[in-house]
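In the working numbering, the protein residues as written are 1 to 305. Everything on this sheet refers to the single structure shown next.
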Ligand code: CP
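Right, dumping it as structure tokens:
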């Protein structure tokens, strides 16, 4: 059951995940209407507390909230009292005093959404915390995969790149393994967390092992901002060994679907022509983010009734 907060995919069951995807599916036609409005969250205050930059997640949470008729307030770090030294706890207490019903939290530090949630009764959704989790990204990714292929169970998903620093990879691994997908990881040893195999994935250091077992190829952004020291010799070498180019795609034994959470580094982890190709689901992922976030807010509101 989707509990009061959504902080980690780990806390959801397979049924919870499928409920959210089914709910998102039922919202899909709303986006095609002239008037995109449903009254579920009328009178509710949603605060987008984004202390780390975002284009996709922040905008789609704002759109989802507005379609559900909530009042939305956006707060960024540089324009908040955080720059004067206000703590996370006092920020949360302040937002509670101002009547926040939901706080959607993005932060560079792992664990901040949970810390903020302790000042409830407002509900908290994790919109990406450091190298922790990004649960709604994983949910929209599964939604996109299921819409495109008609299944999740038995789907062969290969995740490529910087697993160590990627909250997207972590949430996707938890979600995909829960719904019965086969997950392959391709990454250099320096970009892999210790004991990654314990999460139920197959780990490889080169593409050679996955050319015959991939339906979906999920590329990750190289997160230079989270690396304290360089973990590979050069971007050029990384692109040669782990980048997804159109030449590389020809080596697979089937037409693979290409995904990326964005923002992309063209020519590093993904070729520009691959990102723009018909097999790329990147724009579809962004579009699907709105209905999946609507579904999460809707189910959390229903749980609170
Ligand atoms: N995928 C993702 O989280 O993108 P943003 O950083 O633009 O929100």
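Cβ coordinates follow ideal geometry from the N, Cα and C atoms, glycine included. As the structure is a prediction and not an experimental result, all values here were calculated from the model.
When the alpha-carbon of residue 17 is set against those of 75, 290, 180, the nearest one is in 180. By the criterion of a C-beta distance shorter than 6 Å, residue 159 is surrounded in its chain by 169, 185, 218, once the five residues flanking it on both sides are discounted.
Distance from the C-beta of residue 243 to the nearest heavy atom of the ligand CP is not below 6 Å. Ranked by Cα distance from residue 165, the first of 178, 157, 116, 133 is 133.
Using a C-beta cut-off of 8 Å, the region 47-54 makes contact with the region 72-91, since at least three inter-stretch Cβ pairs fall below that distance.
By the criterion of a C-beta distance shorter than 8 Å, residue 282 is surrounded in its chain by 258, 259, 260, 262, 264, 275, once the five residues flanking it on both sides are discounted. The residues 163, 164, in chain order, have a CB closer than 8 Å to that of residue 193 in the same chain once the five nearest residues on each side in sequence are set aside.
For residue 20, the enclosing alpha helix (DSSP H) stretches over residues 14-27. With a 10 Å radius around the Cβ and a threshold of 16 neighbouring Cβ atoms, residue 188 comes out buried. With a contact defined as Cβ atoms closer than 8 Å, residue 20 and residue 299 qualify at about 6 Å. Taking a 10 Å sphere around the C-beta of residue 81, we find fewer than 16 other C-beta atoms and assign the residue as exposed.
Judged by the Cβ position, residue 262 qualifies as a neighbour of the ligand CP at the 6 Å threshold, a heavy atom of the ligand being closer than this.
Boundaries of the alpha helix (DSSP H) around residue 272: 272-275.
In the three-state scheme derived from DSSP, where H, G and I count as helix and E and B as strand, residue 5 is classed as coil. Between the alpha carbons of residue 83 and residue 256 lies a distance of about 45 Å.
Only buried fits residue 173, as 16 or more other CB atoms lie within 10 angstroms of its CB. Residue 76 sits in a strand when the DSSP states are folded into three classes.
Counting only the Cα atoms, residue 161 lies some 37 Å from residue 70. CA-CA distance, residue 213 to residue 30, rounds to 36 Å. With contacts defined by Cβ atoms closer than 7 Å, residue 60 and residue 289 form a contacting pair. Taken atom to atom, the span from the alpha-carbon of residue 278 to that of residue 99 is near 45 Å.
Residue 244 sits in a strand when the DSSP states are folded into three classes.
Around the C-beta of residue 34, fewer than 16 other C-beta atoms lie within 10 Å, and the residue is accordingly described as exposed. CA-to-CA, the gap between residue 295 and residue 10 works out to about 18 Å. By the neighbour-count definition (other C-beta atoms within 10 Å, threshold 16), residue 150 is an exposed residue. Per the C-alpha coordinates, the member of 303, 293, 301 positioned closest to residue 27 is 293. In this structure, residue 40 lies near residue 301, with their beta-carbon atoms less than 7 Å apart.
Within the model, the alpha-carbon separation for residue 46 versus residue 65 is close to 7 Å.
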